[in-house]
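Asks:
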Amino acid sequence: MSQGYVNFLLTNRIPRHVLTRFMGWFSKIEFAPVRSLSIALWKLFCAVDMSDSKETRFASLHEAFIRQLKDGARPIDPEPATLTSPCDAIVGAFGRVERGMALQVKGMPYPVADLFGSTDEAAAFEGGWYVTLRLTAGMYHRFHAPHDVVAEQLRYISGDTWNVNPPTLARIERLFCRNERAPITVRMKTTGERMVLVPVAAVLVASIRLPWLDESFSIRRGGARTEPLDHAFAKGEEMGWFEHGSTIVVFAPSAWAPVAGLETGRTIRLGEPLLRRL
17 MSQGYVNFLL TNRIPRHVLT RFMGWFSKIE FAPVRSLSIA LWKLFCAVDM
67 SDSKETRFAS LHEAFIRQLK DGARPIDPEP ATLTSPCDAI VGAFGRVERG
117 MALQVKGMPY PVADLFGSTD EAAAFEGGWY VTLRLTAGMY HRFHAPHDVV
167 AEQLRYISGD TWNVNPPTLA RIERLFCRNE RAPITVRMKT TGERMVLVPV
217 AAVLVASIRL PWLDESFSIR RGGARTEPLD HAFAKGEEMG WFEHGSTIVV
267 FAPSAWAPVA GLETGRTIRL GEPLLRRL
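According to the working numbering, the stretch in the sequence shown is residues 17 to 294, in order.
1) CB-CB under 8 Å to residue 121, same chain, minus the five flanking residues each way: which ones, in chain order?
2) Go to residue 78, then tell me how far its alpha helix (DSSP H) extends in each direction, as first and last residue.
3) Could you tell me which residues DSSP puts in a beta bridge with residue 262?
4) Nearest-angstrom Cα distance between residue 125 and residue 256?
5) Am I right that residue 156 and residue 241 are in contact with their C-beta atoms under 8 Å? What's the rounded C-beta distance?
6) Residue 216 to residue 75, Cα distance in whole Å?
7) In angstroms with no decimal places, state the Cα-to-Cα distance between residue 196 and residue 82.
8) Which residues bound the alpha helix (DSSP H) around residue 109?
9) Using the beta-carbon count (16 or more within 10 Å), is residue 283 buried or exposed?
10) Does DSSP classify residue 20 as helix, strand or coil?
11) Can the beta-carbon of residue 106 be found closer than 8 Å to that of residue 281?
12) With 16 other CB atoms within 10 Å as the buried threshold, where does residue 274 fall?
13) Among 62, 87, 59, 61, which one has its Cα closest to the Cα of residue 70?
14) Does at least one heavy atom of the ligand FAD sit under 7 Å from the Cβ of residue 74?
15) Suppose contacts are defined by Cβ-Cβ distances below 8 Å. Is residue 244 in contact with residue 137 by that definition?
16) Kindly indicate which three-state DSSP category residue 173 falls into: helix, strand or coil?
17) What are the boundary residues of the alpha helix (DSSP H) that residue 132 is part of?
18) Looking only at C-alpha atoms, which of 203, 231, 170 sits nearest to residue 249?
19) With 16 other CB atoms within 10 Å as the buried threshold, where does residue 238 fall?
20) Do residue 209 and residue 139 have their CB atoms nearer than 8 Å?
21) Of all the CB atoms in chain B, is at least one closer than 8 Å to the CB of residue 76?
22) Quick one: grab the DSSP three-state call for residue 254.
23) So, residue 289 versus residue 98, is the Cβ gap smaller than 8 Å?
24) Below 8 Å between beta carbons: does that hold for residue 224 and residue 102?
25) Apply the 10 Å Cβ neighbour rule to residue 233 and answer buried if 16 or more other Cβ atoms are within range, or exposed otherwise.
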């Protein structure tokens, strides 16, 4: 039995929703022995680097998950002709949207319309580019604006909590279209072009936070919906966070293309160039 298949079984053939709710409760426990042991185990098994964290002590495992960075820890590429990575991540599949399809991994296409929850909005990105960014459990969990943008729309789509790691992506068709997600449509201030950022929740996560929209609750509150927005972000400004690791799929118009050297499996950091205007 391969290691990948064992990983798939351990992280998916479980009561995913129950485990996710339990983890949400457990991670917020502030009782010192529980907090200390859980943070120590997390650091041990998830390759956590806390050297760039603004704080060094945390009230709970949850606070450590959603830690902030020291000022200047992630320089943001200032070039107007670049879209920067919105987060620390491992680059997954990327390429052009063709016949309305994108890839989660090689040989596993999915309809962009299903991911967005809208055929019309997906059609606008035909011939455009997508990049999948996977945040591991030990990475910095916050995501930021890839350009000077105005958020114009949020669509919340409830769903499952499949793991988004490579063994699962290779086995579960249309996984991103099954999981809880929140497509955010943004307009670039300089050109008027639209992008879509799709935060996808996963097992042990299933909580996407946009504090500028609601300071107290995850976007799950209020149920499935589409709502107009009008909120401006400067390039590199924080937009939200996951309560654990997960994925963001970035969609950009055809006038932009991946920067030279972008490769599947490469680790990229918040603020580094991701796409460049042609």
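We treat Cβ as the ideally placed atom computed from N, Cα and C, and that holds for glycine.
Replies: Reading off the structure:
1) Indexing the sequence shown from 1 puts residue 121 at position 105. Cβ within range, chain order: 108, 109, 182, 185, 186.
2) By 1-based counting over the sequence shown, the position of residue 78 is 62. Where residue 78 is concerned, the enclosing alpha helix (DSSP H) stretches over 77 to 81.
3) Counting from 1 along the sequence shown, the entry for residue 262 is found at position 246. DSSP lists 151 as partners of residue 262.
4) Locating residue 125 in the sequence shown gives position 109, where the first residue counts as 1. Locating residue 256 in the sequence shown gives position 240, where the first residue counts as 1. Rounded to the nearest whole angstrom, the C-alpha separation of residue 125 and residue 256 is 28 Å.
5) Position 140 of the sequence shown, counting from 1, holds the residue named residue 156. Position 225 of the sequence shown, counting from 1, holds the residue named residue 241. About 29 Å; that fails the 8 Å criterion.
6) Counting from one through the sequence shown, the residue named residue 216 turns up at place 200. Counting from one through the sequence shown, the residue named residue 75 turns up at place 59. For residue 216 and residue 75, the distance between alpha carbons rounds to 27 Å.
7) Locating residue 196 in the sequence shown gives position 180, counting from the first residue. Locating residue 82 in the sequence shown gives position 66, counting from the first residue. Answer to the nearest angstrom: the Cα atoms are 19 Å apart.
8) Mapped onto the sequence shown, residue 109 falls at position 93. Per DSSP, residue 109 lies in no alpha helix (DSSP H); the unbroken beta strand (DSSP E) holding it starts and ends at 105 to 112.
9) Residue numbering aside, residue 283 sits at position 267 when the sequence shown is read from its first letter. By the Cβ-count criterion, residue 283 is exposed, with fewer than 16 other Cβ atoms from all chains shown falling within 10 Å of its own Cβ.
10) As a working note, residue 20 is residue 4 in the sequence shown. With a pLDDT of 46 at residue 20, under the threshold of 50, the predicted position of this residue should be treated as unreliable, though the coordinate-derived value follows. Residue 20 carries a helical assignment under DSSP once its states are collapsed to helix, strand and coil.
11) Counting from one through the sequence shown, the residue named residue 106 turns up at place 90. Counting from one through the sequence shown, the residue named residue 281 turns up at place 265. Residue 281 sits close to residue 106, with the two beta carbons spaced by under 8 Å.
12) The residue you call residue 274 lines up with position 258 of the sequence shown. By the neighbour-count rule (16 or more Cβ atoms within 10 Å), residue 274 is buried.
13) Here residue 70 refers to the residue found at position 54 of the sequence shown. By alpha-carbon distance to residue 70, the top candidate from 62, 87, 59, 61 is 87.
14) Among the components modelled here there is no ligand, and therefore nothing to report on the ligand FAD.
15) Position 228 of the sequence shown, counting from 1, holds the residue named residue 244. Position 121 of the sequence shown, counting from 1, holds the residue named residue 137. Pairing residue 244 with residue 137 gives a Cβ-Cβ distance that is not under 8 Å.
16) Here residue 173 is taken as the residue at index 157 of the sequence shown, counted from 1. In the structure shown, residue 173 falls within a strand segment according to DSSP collapsed to helix, strand and coil.
17) Working through the sequence shown from its first residue, we reach residue 132 at position 116. For residue 132, the enclosing alpha helix (DSSP H) begins and ends at 128 to 132.
18) Stepping through the sequence shown from its first residue, residue 249 is reached at position 233. Comparing Cα-Cα distances from residue 249 to each of 203, 231, 170, the minimum goes to 203.
19) Mapped onto the sequence shown, residue 238 falls at position 222. By the neighbour-count rule (16 or more Cβ atoms within 10 Å), residue 238 is not buried but exposed.
20) Counting from 1 along the sequence shown, the entry for residue 209 is found at position 193. Counting from 1 along the sequence shown, the entry for residue 139 is found at position 123. No, Cβ-Cβ distance for residue 209 and residue 139 is not below 8 Å.
21) This model lacks chain B altogether, as it is built from one protein chain only.
22) For the purposes of this step, residue 254 is identified with residue 238 of the sequence shown, where counting begins at 1. Residue state, collapsed to three classes: strand.
23) Locating residue 289 in the sequence shown gives position 273, counting from the first residue. Locating residue 98 in the sequence shown gives position 82, counting from the first residue. Their beta carbons are under 8 Å apart, which means residue 289 touches residue 98 by this criterion.
24) Residue numbering aside, residue 224 sits at position 208 when the sequence shown is read from its first letter. Residue numbering aside, residue 102 sits at position 86 when the sequence shown is read from its first letter. No. Outside cutoff.
25) In the sequence shown, residue 233 corresponds to position 217, counting from 1. That one is exposed.
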